[in-house]
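**Q**
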Amino acid sequence: MNLGHLLVGKGWLTVGQVEDAAALQRSEGLRLDRAIIQLGFVSERQMLELMSEQLHLPLVQLQDVTIDPETLRALPSKIVYRKRLVPIARENGVLQVATSDAFDLYAVDDLRLSTGLDIQPVLASREDIEKVIKSHYGLGGDTLDEMVGANDSEGNGSSVAVGEDLLEAAQEASVIKLVNEIIIEAVNERASDIHIEPYEYTMSIRYRIDGVLQEASVPPQMNRFQAAIISRIKILANLNIAERRIPQDGRIKFQVGGRQVDVRVSVIPMLFGEGVVMRLLDKSNVLFTLQQLGMDDTTYGLFKGLIDRPHGIFLVTGPTGSGKTTTLYAALNAIVGPGIKVLTVEDPVEYNLQGVNQIPVNHQVGMTFEKGLRAILRHDPDVVMIGEIRDLETARAATQAAMTGHLVLSTLHTNDSASSAMRLIEMGVEPFLVSSTMIGAMAQRLVRRVCPKCREEYVPDPATLPRDLKLEPGVTLTRGKGCPHCRGTGYRGRTGLYELMVMSEIIAEKIMERAPVPQIVAAGRPTGLRLLREDGWIKVRAGMTTPDEVVYCTAL
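Following the working numbering from start to finish, the sequence shown increments by one per residue and tops out at 566.
This is the structure:
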């Protein structure tokens, strides 16, 4: 019985669907099983289960398999890359090899001849096999093998891609493919940044995932193509590839799987070459609603009440990378509408927001935050967002805008919400202006969430817990054991910790008196002020994160 009849007999496909797949098979030269999967009639997993049943081949989950390094050396890397076969176990002269193609019997015969071992094929998904290849053999290893082979055959030796014409080297198909693989892997792993760092004998590539840098597995020959890789990135970002003595900044726009991704590129000359950091700005990963950010109902209700006010200054505070801009974008999305005019001044404009007029700062022509803010006030806005209050001029312009009937949203670099008012005063804004225009401030941090795939409950040892985390005896907490889904970290994704201070008469009096921060915090307690660490312990008890994460992000 052929595959089409088999699938129809199981009730998975109709005769018409089989005919559609056969038409695609003829037009594009695909195998029937590939055509059926491409049309979405059957998933790859279902097809593998069917092949496992019909061909009596085991179906394995590679994330559950620990592969011995000696086993990996049983196959040359070129065969692994070319055939997409992964050796997973070796015992008594039998090599167990994972494949996603149950019909490629020639590959099994080739392995038997080249290794002299008895080959036992098992089935695994193509995605799982690709992950194993990247983690054990290195990112872009097949492309690098091709490049090394091609250059060595031309007698270039170890000076590959460091020749006279970097522009020509950077535009070779293999270099283009390699850079694309580096960026696509970052997008697939949800990385916010790519760090390419040159050393004397190696080149390091690291991805910042959920706020933590993680080393990418890179083949050793990657270092030979360092100059060509960096030149390719500079070409994409419209930078000068001949200039290697001064820092350069640029931007790249591209699409991955239908998603628009912007990349901010920073290149800095270092001792052994140029270092590159690429910030990935994925619009689909930033435009959250306020509820998705991690606010509980109480904090959300207070926050929504503040951004619905007609005038005043509201500040979001925290260190770089704590999600301040994401929170402001979520706030703008919540209030934008046909009856409200919203203008922003940003450095740079990271994401385009529908219905919002966004203005980029340009220091080269004198377009600063302060000048932009004063100009847009003549455009009759209802809500104004300033990317960051950095100096006295911008702070004064923001207070003037708030006093003349505008809602001003902005960010500030302080450790907690109570310090934000004092920071404005330190800049030179009069205390009475701060107390009369500021309606609230919110400090925030991002903590990693426990991985949903490998989470487990445990009873913590009280002696290992922070003293301010109060738990009843026998209460369980949650942690991640580590799995391929979370790259062995035990965490996947992040959520916010929030400390919201709503301005009150008592707080305004303390600001006028230039009172110490602890007194302002005490004055904010009656209006619902809850410290970052206290919000963190609520999320720990709810099983969302771990005590270690809260301690790290809110160190006293």
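We treat Cβ as the ideally placed atom computed from N, Cα and C, and that holds for glycine.
Quick one: what's Ser214 bridged to in DSSP?
**A** Answer is Glu207, bridged to Ser214.
**Q** Apart from the five residues just before and just after Thr309, which ones in its own chain have a Cβ nearer than 6 Å to its Cβ?
**A** Hits under 6 Å: Tyr508, Leu510.
**Q** Please report the straight-line C-alpha distance between Ser110 and Arg41, rounded to a whole angstrom.
**A** Computed Cα separation, rounded: 14 Å.
**Q** Let me know if Arg55 comes out buried or exposed under the rule of 16 or more other beta-carbons within 10 Å of its beta-carbon.
**A** Under this definition Arg55 is an exposed residue.
**Q** Per DSSP, what are the beta-bridge partners of Lys491 in this structure?
**A** Lys491 pairs with nothing; no bridge assigned.
**Q** In its own chain, which residues sit with a C-beta less than 7 Å from the C-beta of Phe7, not counting the 5 before and 5 after it?
**A** Here the chain comprises residues numbered 11 to 566, so residue 7 is not present and cannot be evaluated.
**Q** Anyone know if the C-beta pair for Leu383 and Val359 falls short of 9 Å?
**A** Not in contact: Leu383 and Val359 (Cβ atoms no closer than 9 Å).
**Q** Kindly identify the DSSP beta-bridge partner or partners of Ala201.
**A** Answer is Ile219.
**Q** Could you check what DSSP says for Gln364 in three-state terms: helix, strand or coil?
**A** Coil at Gln364, not helix or strand.
**Q** Helix, strand or coil for Phe282, going by three-state DSSP, please let me know.
**A** Three-state DSSP puts Phe282 in coil, outside helix and strand.
**Q** Please classify Tyr147 as buried or exposed, where buried requires at least 16 neighbouring CB atoms within 10 angstroms.
**A** That one is buried.
**Q** For the beta strand (DSSP E) containing Gln302, list its first residue and its last residue.
**A** Counting along the chain, Gln302 falls outside any beta strand (DSSP E), and DSSP gives it neither H nor E.
**Q** Leaving out the 5 sequence neighbours to the left and right, which residues in its chain are closer than 8 Å to Ile194 when beta-carbon positions are compared?
**A** For Ile194, where only same-chain residues beyond five positions count, the Cβ hits under 8 Å are Val266.
**Q** Can you list, in chain order, the stretches of the alpha helix (DSSP H) that have 4 or more residues and sit fully within the region 429 to 470?
**A** Entirely contained in the region 429 to 470, the alpha helix (DSSP H) runs reaching 4 residues are, in chain order, 429 to 437, 441 to 447.
**Q** With three or more beta-carbon pairs closer than 8 Å as the criterion, would you say the region 127 to 142 touches the region 219 to 233?
**A** No, they do not touch.
**Q** Is the beta carbon of Ala112 sitting closer than 9 Å to the one on Leu67?
**A** In this structure, Leu67 lies closer than 9 Å to Ala112 by Cβ.
**Q** If you drop the 5 nearest sequence neighbours on each side, which residues of the same chain put their C-beta closer than 8 Å to that of Val107?
**A** Contacts found: Leu85, Leu95, Val96, Pro97, Ile98, Val118, Leu121, Ile129, Gln130, Pro131, Val132.
**Q** Could you compute how far the alpha carbon of Phe442 sits from the alpha carbon of Thr299?
**A** Near 34 Å, if we compare the C-alpha coordinates of Thr299 and Phe442.
**Q** Just to confirm, are Ile243 and Met232 a CB contact at a threshold of 9 Å?
**A** No, the Cβ-Cβ distance between Ile243 and Met232 is not below 9 Å.
**Q** Of the residues His416, Gly328, Ala565, which one's Cα is nearest the Cα of Gln454?
**A** Out of His416, Gly328, Ala565, Gly328 has the C-alpha closest to the C-alpha of Gln454.
**Q** Are the beta-carbon atoms belonging to Val512 and Ile435 less than 9 Å from one another?
**A** Not a contact, by the Cβ cut-off of 9 Å.
**Q** Taking a contact to mean a Cβ-Cβ separation below 9 Å, would you say Leu407 touches Ile521 in this structure?
**A** According to the sequence shown, residue 407 is Ala rather than Leu. Going by C-beta atoms, Ala407 is not nearer than 9 Å to Ile521.
**Q** What are the residues that DSSP puts in a beta bridge with Leu82?
**A** In the DSSP output, where bridge partners are listed per residue, Leu82 has none listed.
**Q** Our contact map puts Arg274 next to Arg261 with C-beta atoms below 8 Å; I'd like the distance itself, whole angstroms only.
**A** Indeed they touch by this definition, with Cβ atoms about 6 Å apart.
**Q** Excluding the 5 residues flanking Phe324 on each side, which residues of the same chain have their C-beta closer than 6 Å to its C-beta?
**A** Correct list, in chain order: Leu316, Leu419, Ile449, Gly450.
**Q** According to DSSP, is Asp426 helix, strand or coil?
**A** Coil at Asp426, not helix or strand.
**Q** So does the region 488 to 496 actually touch the region 526 to 542, counting three or more Cβ pairs closer than 8 Å?
**A** With a cut-off of 8 Å, the region 526 to 542 and the region 488 to 496 do not count as touching, because too few Cβ pairs lie within range.
**Q** Could you tell me the boundaries of the beta strand (DSSP E) in which Glu398 lies?
**A** Note, Glu398: premise wrong, no beta strand (DSSP E); not H, not E.
**Q** Within the chosen definition, does the region 397 to 417 reach the region 368 to 386 through at least 3 CB pairs nearer than 8 Å?
**A** In short, these stretches touch, since the Cβ pair count reaches three.
**Q** Skipping 5 residues on each side, what residues in its chain have a beta carbon closer than 6 Å to that of Gly173?
**A** Because Gly173 carries a pLDDT of 41, less than 50, the predicted location of this residue cannot be relied on, and the following value inherits that uncertainty. Counting only Cβ-Cβ distances below 6 Å, and skipping sequence neighbours, we find nothing.
**Q** Please report the straight-line C-alpha distance between Val28 and Asp203, rounded to a whole angstrom.
**A** Those two C-alpha atoms are separated by around 44 Å.
**Q** Considering only C-alpha positions, which residue in the set Arg200, Arg216, Arg458, Thr212 is nearest to Ile206?
**A** Out of Arg200, Arg216, Arg458, Thr212, Arg216 has the C-alpha closest to the C-alpha of Ile206.
**Q** Keeping to the same chain, check which residues put their C-beta closer than 7 Å to that of Glu164; ignore five residues upstream and five downstream.
**A** Low local confidence applies: a pLDDT of 49 at Glu164 is under 50, so the model's placement there is unreliable, with the coordinate-based value given in what follows. Within the same chain, Glu164 has no close Cβ partners at all.
**Q** Straight-line CA distance for Cys464 to Thr488?
**A** When rounded, the distance between both Cα atoms is 10 Å.
**Q** Output the boundary residues of the alpha helix (DSSP H) element that contains Ala385.
**A** Counting along the chain, the alpha helix (DSSP H) containing Ala385 begins and ends at 379 to 386.
**Q** Could you give the residue range of the beta strand (DSSP E) that holds Ala247?
**A** Per DSSP, Ala247 belongs to no beta strand (DSSP E) and is neither H nor E.
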